[in-house]
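A.B. asks: Numbering (our numbering), first residue to last: 73 to 298.
Before I ask anything, here is the structure I am working with.
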Amino acid sequence: MKAHETVMDWVTEGLRSGRLRIGDHLPGERALAETLGVSRASIREALRVLEALGTIRTGTGSGPTSGTVITAAPEQALTLALNLQLATSHVEHAHVYEARLLLETWAAEHAEHASGDWPAVDRLLDLMDAPGLPVADFLRLDAEFHALLARSAGNPLISTLMEALRASIAEHTLAGAESLPDWHRTAARLRGEHRAIAERLRSDDPSGASALLREHIEGYYRETAG
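Shown next, in the form of structure tokens:
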């Protein structure tokens with residue numbers, strides 16, 4: 073086993089056993105190197121990998137946010153893997169669309185009304201109504217809206233996969249939106265569809281919401297794929 077893998081295994085086992093928890097600070101490089109019997113260079117290499125995977129966050133200065141902190145951003149690692157697959161053409165954007173359609177409609181079908189964060193949903197819908205909202209900001213709010221709805225299904229793996237899928241095609245989605253001849257008309261339609269989907273879920277009609285969500289995703293994909 074490579075030295076940096078020893079460090080990664082130590083962190084992973086610590087999280088699994090409860091010795092390490094989200095928000096905990098890792099020991100400094102020197103202390104870790106002495107504890108694990110590896111070089112500080114190996115410690116630095118392992119920390120770079122763990123940060124890329126979203127397992128840790130490093131901060132400078134002093135205070136609770138400084139140093140190396142255990143975080144929880146599993147979608148970061150999935151997004152990185154998807155970006156590599158897209159870059160090498162092993163996965164196409166159409167494949168991501170199909171996976172997103174499958175996951176989001178499942179999440180809507182299994183959503184629980186009581187689990188919905190409706191004040192947050194309303195806030196996002198109102199923010200998307202802002203006149204003159206830039207395309208990039210609209211799409212960011214759109215992603216947050218879809219993520220919120222997915223979380224109401226109560227399956228964190230589905231939510232994580234969805235967020236990773238959307239993040240992996242964010243630039244492609246922005247380019248598609250900016251290429252539309254009349255973005256304002258498209259945005260108005262999307263806002264109406266968002267409110268209709270949210271209302272179905274709020275009314276405890278997950279099947280109806282799932283059907284509307286399918287039409288919503290398929291319609292936008294057809295509009296921007298050409």
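Heads up, the beta-carbon is just placed ideally off N, CA and C, and yes, glycines get one too.
As the structure is a prediction and not an experimental result, all values here were calculated from the model.
How many Å lie between D254 and R286 at the Cα?
C.D. replies: Position 182 of the sequence shown, counted from the start, is the residue given in the question as residue 254. Position 214 of the sequence shown, counted from the start, is the residue given in the question as residue 286. Cα-Cα distance, rounded: 22 Å.
A.B. asks: Beta strand (DSSP E) containing R93: first to last residue?
C.D. replies: Walking along the sequence shown from the start, residue 93 turns up at place 21. Where R93 is concerned, there is no enclosing beta strand (DSSP E), given that its DSSP letter is neither H nor E.
A.B. asks: Kindly indicate which residue of E250, A222, Q157 and I230 has the alpha-carbon position closest to the one of L211.
C.D. replies: As a working mapping, residue 211 is identified with position 139 in the sequence shown. Of the candidates E250, A222, Q157 and I230, the one whose C-alpha sits nearest the C-alpha of L211 is E250.
A.B. asks: According to the Cβ coordinates, are L353 and L196 closer than 8 Å?
C.D. replies: An answer regarding residue 353 cannot be provided, because it is not within the stretch 73 to 298 covered by the chain.
A.B. asks: Which first and last residues belong to the alpha helix (DSSP H) in which I142 is found?
C.D. replies: Reading the sequence shown from its first residue, position 70 is the one you call residue 142. Unbroken run through I142 is the beta strand (DSSP E), G139 to I142; no alpha helix (DSSP H).
A.B. asks: How far does the beta strand (DSSP E) with G131 in it extend, from its first residue to its last?
C.D. replies: Along the sequence shown, one-based indexing puts residue 131 at 59. Its beta strand (DSSP E) spans residues I128 to G131.
A.B. asks: Classify G131 as buried or exposed, calling it buried when 16 or more other Cβ atoms lie within 10 Å of its own Cβ.
C.D. replies: What you label residue 131 is simply residue 59 of the sequence shown in a count that begins at 1. By the 10 Å Cβ count, G131 comes out exposed.
A.B. asks: Could you pull the start and end residues of the alpha helix (DSSP H) that L125 belongs to?
C.D. replies: As a first step, residue 125 must be located in the sequence shown, where it is residue number 53. Careful: L125 lies outside any alpha helix (DSSP H) and carries neither H nor E.
A.B. asks: Rounded to a whole number of angstroms, what is the C-alpha to C-alpha distance between A153 and R223?
C.D. replies: To locate residue 153, count along the sequence shown from 1; it is residue 81. To locate residue 223, count along the sequence shown from 1; it is residue 151. Going by the C-alpha atoms only, they are around 22 Å apart.
A.B. asks: Looking only at its chain, what residues have a beta carbon closer than 7 Å to the beta carbon of A105, apart from the 5 residues adjacent to it on each side?
C.D. replies: Against the sequence shown, residue 105 aligns to sequence position 33. Once the five neighbours on either side are set aside, the close Cβ partners of A105 are S111, R112 and I115.
A.B. asks: Is H165 helix, strand or coil by DSSP?
C.D. replies: On the sequence shown, position 93 is the one that residue 165 refers to. Of the three classes helix, strand and coil, the one that applies to H165 here is helix, per DSSP.
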